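**Student:** Note that the sequence shown covers residues 33 to 340 in our numbering. Glycine residues also receive a C-beta, built at the ideal position from the N, C-alpha and C atoms. Because the structure is a prediction, the values reported are computed rather than measured.
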Amino acid sequence: MIGYFLLVEGCSPILAQQERESRKPKTPTVTSTQPPISFTMTPMMDLTPVSGVTLSDFKPGDPHGTPQIIYDQTCVSTSAEHKAPGGDDYTQGRFERPFDKEMNYLPSLDIVRAELVRSGYGWDYFTIVLEAEPASSPVVYGLELDLNIDGRGDFLIQLPAPTSSTWTETGVKMFWDSDGDVGGRVINRSDPHGYKGSGFESIKIDANAGKTRGQIWSRLISNGLQIAVAENLTGGKNSKFSWKPYTDGNPFPPTWYDIDDYFTMEQAGSAIVGDLDYPLKAVYTVDNTCRGLSGLTPSGNEQGVCPP
33 MIGYFLLVEG CSPILAQQER ESRKPKTPTV TSTQPPISFT MTPMMDLTPV SGVTLSDFKP
93 GDPHGTPQII YDQTCVSTSA EHKAPGGDDY TQGRFERPFD KEMNYLPSLD IVRAELVRSG
153 YGWDYFTIVL EAEPASSPVV YGLELDLNID GRGDFLIQLP APTSSTWTET GVKMFWDSDG
213 DVGGRVINRS DPHGYKGSGF ESIKIDANAG KTRGQIWSRL ISNGLQIAVA ENLTGGKNSK
273 FSWKPYTDGN PFPPTWYDID DYFTMEQAGS AIVGDLDYPL KAVYTVDNTC RGLSGLTPSG
333 NEQGVCPP
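1. Quick check on the DSSP output: what are the complete beta strand (DSSP E) runs of length 3 or more inside the stretch 88-124, in order along the chain?
2. On the DSSP bridge list, what partners appear for G256?
3. Roughly how many angstroms lie between the CA atoms of Y153 and P166, to the nearest whole one?
4. Cβ atoms of G256 and I160: under 9 Å apart, would you say?
5. Just the Cα atoms here: how many angstroms apart are W226 and Y294?
6. Taking only the alpha-carbon atoms, compute the straight-line gap between T244 and K236 and give it to the nearest angstrom.
7. In angstroms with no decimal places, state the Cα-to-Cα distance between P170 and V149.
8. So is D104 buried or exposed if we call it buried at 16+ other beta carbons inside 10 Å?
9. Could you pull the start and end residues of the alpha helix (DSSP H) that A300 belongs to?
10. So the candidates are D121, S331, E201 and D156; which of them puts its Cα closest to the Cα of G242?
11. State yes or no: is the C-beta of T106 within less than 9 Å of the C-beta of E163?
12. So I304 is in the beta strand (DSSP E); what residue range does that whole segment cover?
13. Taking 8 Å as the threshold, find out whether the stretch 261-270 comes into contact with the stretch 212-224 through three or more Cβ pairs.
14. Taking the alpha helix (DSSP H) that D293 belongs to, which residues open and close that run?
15. Which of the three DSSP states, helix, strand or coil, is assigned to S234?
16. Is the separation between the beta-carbon of W249 and that of P95 shorter than 9 Å?
17. Given that a residue counts as buried once 16 or more other Cβ atoms are within 10 Å of its Cβ, and exposed if not, what is T123?
18. Who are the Cβ neighbours of P340 in its own chain at under 6 Å, not counting the five residues just before and after it?
19. Is it buried or exposed, V204, if we count other Cβ atoms within 10 angstroms and call 16 or more buried?
20. According to DSSP, which residues form a beta bridge with M206?
21. Are the beta-carbon atoms of P283 and M135 separated by less than 9 Å?
22. For T287 and T198, I'd like the C-alpha separation in whole angstroms.
23. In whole angstroms, give me the CA-to-CA distance for K115 and Y278.
24. In three-state terms, what does DSSP make of T279?
25. Kindly indicate which residue of V172, A146 and C338 has the alpha-carbon position closest to the one of Q190.
26. Going by C-alpha distance, which of I304, D182, D186 and P130 is nearest D211?
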């Protein structure tokens with residue numbers, strides 16, 4: 033199991049933002065001081081399939097190990113002003129937009145931090161901590177996974193808010209980009225004239241429909257949720273991948289990804305007062321973080337990952 037701490041102040045993106053400097057004012061950095069979520073360690077069994085036993089015969093337990101942590105910008109301090117204090121860089125695919133179309137603040141969509149624990153016992157545990165309890169449908173929460181770290185998402189995990197602290201598969205879906213067009217013509221940057229590919233056009237897991245059950249589970253925690261992903265989906269115990277949590281209050285179709293390619297900046301609007309495109313337009317009620325890199329130490333050259 034490989035684990036390390038990752039601290040991102042203000043969730044600055046890894047790529048330069050020169051072309052955006054004329055559009056927005058300087059914003060302060062924000063460093064969270066909240067401690068990681070702690071859980072009671074429970075015995076786990078090795079989930080390697082043997083003698084006809086499959087992973088679907090087991091449920092996740094509790095995560096144990098050192099978490100990788102991504103701290104995100106939040107909007108609670110500026111919510112009354114109907115704006116984000118920073119952290120929203122649409123051209124880089126970084127969203128800080130936990131507001132409805134009228135710029136009313138939605139704390140159940142505002143990510144405070146995210147954590148990953150790779151247990152080494154068959155499950156990878158992702159935790160999303162919010163400013164408030166997760167909201168009910170149609171709101172969805174999830175993860176985008178890039179398995180070869182090329183900046184193009186491979187899997188999009190999407191699920192409704194769980195309703196209890198018991199692990200459940202209810203509503204879990206995982207979409208797949210089978211033709212590799214997520215990211216558009218220019219990876220990790222908005223295509224200047226928009227790009228409408230097929231996005232995450234194939235579905236690999238649909239728990240409610242009985243398609244490939246037992247691989248992804250979720251449960252409720254205080255002001256957040258936890259998602260357990262079978263490690264075979266992320267490439268195995270020693271794999272390398274990047275991960276990005278997100279919230280979506282008015283879910284975009286998976287075939288519209290990447291959203292910052294599907295909509296131009298002018299169409300999407302902005303959450304930053306002073307931007308030419310303020311307020312929000314087509315792209316609202318969404319939040320995400322930079323991409324966490326798991327399995328190796330960031331060099332700074334990886335596509336779209338959090339700064340080392």
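**Tutor:** The short version:
1. 100-103
2. V161 and I253
3. 28 Å
4. yes
5. Just to set this straight, residue 226 is Gly in the shown sequence, not Trp. Each residue's alpha carbon lies about 5 Å from the other.
6. 7 Å
7. 28 Å
8. buried
9. M297 to A300
10. E201
11. yes
12. Taken as a continuous stretch (DSSP letters only), I304 belongs to no beta strand (DSSP E), as it is neither H nor E.
13. no
14. I291 to Y294
15. strand
16. no
17. buried
18. P330 and G332
19. buried
20. I189 and I237
21. no
22. 31 Å
23. 19 Å
24. strand
25. V172
26. D186
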